[in-house]
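K.L.:
For reference, the structure I am asking about is given below.
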Amino acid sequence: MRAEKRLSLGDLSLTTKVTLTLGLGFVAALGLFLAALVPLEREQHGRLLEQNKRLLSTLRDKYQRDFIHDIVSESGESTVIDMADMARQQGILWVGLEAGSDSLAATADSATIERLLGGSPAIKASSAEAAVLVIGPNGRGSLIGPGGRRLAEGREIRDALPVAGFPRASSQEPFREVPWGRETALHSVAPLRAADETFGDLSLVYSLAELHRSEALTRRTFYGVLAASFALLVLLVNLLLSRIVLAPVRRVMDAMRQASRGELRVRLPVHSRDELGSMAESFNVMVSELEIAKRGIEDYSRNLEAMVGERTRELRASEETLITVKNHLATVIANVATGVVSLDESGRVTTFNGRAGEILGVAAEDAIGRPITELLADGERRRLLEFVGGACQGGREARQGQVQMKLAQGTHTLSVVASPLVGEADRVLGTVIVFDDLTQILATQRLSAWKEAVERVIHEIKNPLTPVGLSAQTLLTAFEHDRARFDQMFPSAVQMILDSVRDLRALIGEFTQFSRLPEVVRQRLDANDVIREAVAPYAAGEGVRLRTALADTPLLVDADRPQLRRVLLNVINNGVEALAGRPGEIVVSSAAADDGRSVTLTVRDEGCGVEDVERIFEPYYTTKVKGTGLGLAIARQIVEEHGGAIRAESRLDAGTTIVIRLPAAR
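Plus 536 on top of the position in the sequence shown (first one is 1) and you've got this note's numbering.
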């Protein structure tokens, strides 16, 4: 067994080596960065947050005694001054005091004051004087300047208080980080207690802007370290690549200089399988082939005269072959049963076979060398010129179609194809026109179409004959065995025969007149009644196992009763033939759609099934020994003319289901 080749660093391409080096370096630097930055940021955030919490607790303890004194002495003015003084402390964004049913709030944050009171010039001027907004129990605000001087009173608060939606702190979590504008702040609510008695709650919101600035500075520092590390890494990689690439390149350049001087025995050592190694191998192969080629040229020059003679004989033989092929092609074109005309670049006729002369009534010797515009300028032949004119004037698009012309032989239909002849460099060398007389073919197709129409008439006649035969057979059986049953069935059976005969006469008359299905005459009717009419002959017949499962309510549709009955008769008759000699039954059911917009009629048999179920609606497709294959094709046409759809589901030896969907009457 061959030893498994082990992949080494020398087998990797230079691009792969560079990519791996840079990738590993970047991943290592990024890993070190994340490993150092994430814990450091978390530790710094926690340390600064604890520091802010302690500062906030100290500040709260400092003012707690003043607020309790103000509450006990019921000195509202002193309380306002203390709250304003506390709101001016560095970092405080909001101060809230709740004592019993009274509540006060204060903020020295200019952005919050402007949002709560509006952006008028008076408010902006007050904000410039380091004013504090104090909100009283009545919901109105007053601006307090330095020294307790009131700048504005009774201002209406235009927006909701920014702390209205904050979660309340608890003893387990006395501090919470909450959103404040575009940043976050530290929120704390603590009771004012003295001598085991609670006098109210003090709510504070402290800015964490300094904390965020410290974190941003830390991140920028680490980003700078990362960028410097990556730059250093790129420099090291550059030095490494210089050592990996430059030395082998110098060896290659020296070897190429020697080879250019004719020293073809020089070879390069191959130490790796990367690009440089591949280059060295390619150079060695190149100089080896050059050396072999040099010896071959020397040998070739010795035998050049003999080779030139041999090549001359081959060219003469090829010329003779080409002449033979050309003559053969000319013979084929001259005797082909299709008209062939070729033109040169200027539109002059270069080829004009006999069949083209027969169709156009022009002799070949009179056509060769003449411009096509002159040749086809007379009478009906101009129709052909108008059709192929664009392709004959240097056009690159082919023309294909049919042209009807009145020739000496009568009116003929020609199938014409005009294609450009494109040579080297995408140059148009001329045009070839091929045409054939389709008159006889079209006549044959029309005859075939009439034959199909006759077969369709025959098939449509067979369907009404089936209930006639069943009714007659039923009457005969009853007449022979049960006269009372005969007397009872006779009127309905005779009426059914008369209806079928009437349908036959109407059908034959309409096919004779229009050679198509009768025109749809719509009327409002119940689809269940049509089903009952269609299944009546089969239900009375012997050997036919047929039952119905009709909707409880009338299913109203706008349809042609005879044609809809004809569809059901076609489908049911196929089910009866599929059940021949097999156990099973035919079930005809009806239902309305859930949205009430359509009515569904279903005919399911347990017959032999169909393999190519998607083809059973194609004309002349049948799986029966006898049959034209038009029944379901006619049924589909009738259903589609009513604006409905018909589909089939079938499995071999399991039966077939035909589903007819019709629009419900509005």
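The beta-carbon is built from N, C-alpha and C at its ideal position, and this holds for glycine as well.
Assign Pro-698 to buried or exposed, taking buried as 16 or more other Cβ atoms, counted over all protein chains shown, within 10 Å of its Cβ.
P.N.:
Classification of Pro-698: buried, given that the 10 Å Cβ count is 16 or more.
K.L.:
Would you call the region 1060 to 1071 and the region 1090 to 1100 in contact, with 3 or more CB pairs under 8 Å?
P.N.:
Cβ pair count under 8 Å is three or more, so yes.
K.L.:
With three or more beta-carbon pairs closer than 8 Å as the criterion, would you say the region 830 to 839 touches the region 801 to 810?
P.N.:
Touching, no.
K.L.:
For Ser-1186, write down the residues that DSSP places opposite it in a beta bridge.
P.N.:
According to DSSP, which records beta bridges pairwise, Ser-1186 is partnered with Thr-1192.
K.L.:
Nearest by alpha-carbon distance to Glu-1069: which of Val-1080, Glu-1055, Thr-1084, Arg-596 is it?
P.N.:
Glu-1069 has its Cα closest to that of Thr-1084, out of Val-1080, Glu-1055, Thr-1084, Arg-596.
K.L.:
So Ala-913 is in the alpha helix (DSSP H); what residue range does that whole segment cover?
P.N.:
Looking at the DSSP string, Ala-913 is not in any alpha helix (DSSP H), and its letter there is neither H nor E.
K.L.:
Please confirm whether Asp-880 and Gly-966 have their CB atoms less than 7 Å apart.
P.N.:
Against a cut-off of 7 Å, the Cβ pair of Gly-966 and Asp-880 comes out as a contact.
K.L.:
Please list, in chain order, all residues of the same chain as Gly-1180 whose beta carbon is under 6 Å from its beta carbon, the five residues on each side excluded.
P.N.:
Counting only Cβ-Cβ distances below 6 Å, and skipping sequence neighbours, we find Arg-1197, Leu-1198.
K.L.:
With which residues is Gln-938 paired in a DSSP beta bridge?
P.N.:
DSSP, once it has assigned bridges, lists Ser-951 as partnering Gln-938.
K.L.:
Distance check for Val-1004 and Asn-1110, CA to CA, integer angstroms please.
P.N.:
C-alpha separation (whole angstroms): 17 Å.
K.L.:
Among Ser-646, Val-1107, Leu-1006, Ser-593, which one has its Cα closest to the Cα of Asn-1137?
P.N.:
Checking the sequence, you will find Leu at residue 1137 rather than Asn. Comparing Cα positions, the closest option is Val-1107.
K.L.:
Gln-1049 by DSSP, collapsed to three states: which one?
P.N.:
Caution is warranted here: a pLDDT of 39 is assigned to Gln-1049, below 50, making its placement in the model unreliable, and no coordinate value can be reported.
K.L.:
If you follow the alpha helix (DSSP H) that Leu-896 is in, where does it begin and where does it stop?
P.N.:
First-last of the alpha helix (DSSP H) with Leu-896: 890 to 896.
K.L.:
Decide if His-1017 is buried, meaning its Cβ has at least 16 other Cβ atoms within 10 Å, or exposed.
P.N.:
So His-1017 counts as exposed.
K.L.:
Between Ala-1072 and Arg-1058, what straight-line distance do the alpha-carbon atoms span, to the nearest angstrom?
P.N.:
For Ala-1072 and Arg-1058, the distance between alpha carbons rounds to 23 Å.
K.L.:
Using the rule of at least 16 other Cβ atoms within 10 Å of the residue's Cβ for burial, across every protein chain shown, is Glu-910 buried or exposed?
P.N.:
Answer is exposed; the Cβ neighbour count stays below 16.
K.L.:
Pick helix, strand or coil for Leu-921, following the three-state DSSP scheme.
P.N.:
Leu-921 falls in the helix class under three-state DSSP.
K.L.:
Distance check for Val-877 and Val-970, CA to CA, integer angstroms please.
P.N.:
Cα to Cα, Val-970 sits roughly 6 Å from Val-877.
K.L.:
CB-CB under 6 Å to Leu-1086, same chain, minus the five flanking residues each way: which ones, in chain order?
P.N.:
Correct list, in chain order: Asn-1064, Ser-1126.
K.L.:
Quick check on DSSP: helix, strand or coil for Gly-606?
P.N.:
A small fix is needed here, since residue 606 is Asp in this sequence, not Gly. Of the three classes helix, strand and coil, the one that applies to Asp-606 here is helix, per DSSP.
K.L.:
Can you name the residues that DSSP bridges to Gly-736?
P.N.:
According to DSSP, which records beta bridges pairwise, Gly-736 is partnered with Leu-728.
K.L.:
Do you know how far the Cα of Ala-726 is from the Cα of Ala-767?
P.N.:
Near 52 Å, if we compare the C-alpha coordinates of Ala-726 and Ala-767.
K.L.:
With a threshold of 7 Å between beta carbons, is Thr-720 in contact with chain B?
P.N.:
This model lacks chain B altogether; it includes just one protein chain.
K.L.:
Indicate the three-state DSSP secondary structure (helix, strand or coil) for Ser-593 in the structure shown.
P.N.:
Here Ser-593 sits in helix by DSSP.
K.L.:
Within the same chain, show all residues whose beta-carbon is closer than 8 Å to that of Arg-1118, passing over the 5 residues directly before and after it, in chain order.
P.N.:
Taken in chain order, the residues that qualify are Glu-1142, Gly-1143, Cys-1144.
K.L.:
Quick check on Leu-722: does DSSP put it in helix, strand or coil?
P.N.:
It is a strand residue.
K.L.:
Once the 5 residues before and after Leu-1011 are set aside, which same chain residues still bring their CB inside 6 Å of it?
P.N.:
Excluding residues within five positions, the ones whose Cβ falls inside 6 Å are Ala-1029.
K.L.:
Using C-beta distances below 8 Å, list every residue in its chain close to Gly-1120, excluding the 5 sequence neighbours before and after it, in chain order.
P.N.:
Excluding sequence neighbours, Gly-1120 sits near Arg-1081, Asp-1141, Glu-1142, Gly-1143, Gly-1191.
K.L.:
Would you kindly work out how many angstroms separate the C-alpha atoms of Ile-617 and Ser-765, rounded to a whole number?
P.N.:
Looking at the two C-alpha atoms, the distance is approximately 55 Å.
K.L.:
Would you call the CB atoms of Val-885 and Arg-917 closer than 7 Å?
P.N.:
Not in contact: Val-885 and Arg-917 (Cβ atoms no closer than 7 Å).
K.L.:
Does DSSP put Ser-882 in a helix, a strand or coil?
P.N.:
Of the three classes helix, strand and coil, the one that applies to Ser-882 here is coil, per DSSP.
K.L.:
Among Leu-974, Pro-575, Arg-651, Pro-673, which residue has its Cα nearest to the Cα of Gly-636?
P.N.:
That would be Pro-673, whose Cα lies nearest to the Cα of Gly-636.
K.L.:
State the Cα-Cα distance for the pair Arg-1187 and Ala-1114, rounded to the nearest angstrom.
P.N.:
Distance between the alpha carbons of Arg-1187 and Ala-1114 is about 12 Å.
K.L.:
Under the three-state reduction of DSSP, which class applies to Leu-584: helix, strand or coil?
P.N.:
In this structure, Leu-584 counts as helix in the three-state DSSP scheme.
K.L.:
Go to Val-1103, then tell me how far its beta strand (DSSP E) extends in each direction, as first and last residue.
P.N.:
Run containing Val-1103: none in the beta strand (DSSP E); it sits in the alpha helix (DSSP H), 1097 to 1114.
K.L.:
Could you name the residues of the same chain whose beta carbon sits closer than 6 Å to that of Phe-1015, not counting the 5 residues immediately before and after it, in chain order?
P.N.:
Taken in chain order, the residues that qualify are Phe-1022.
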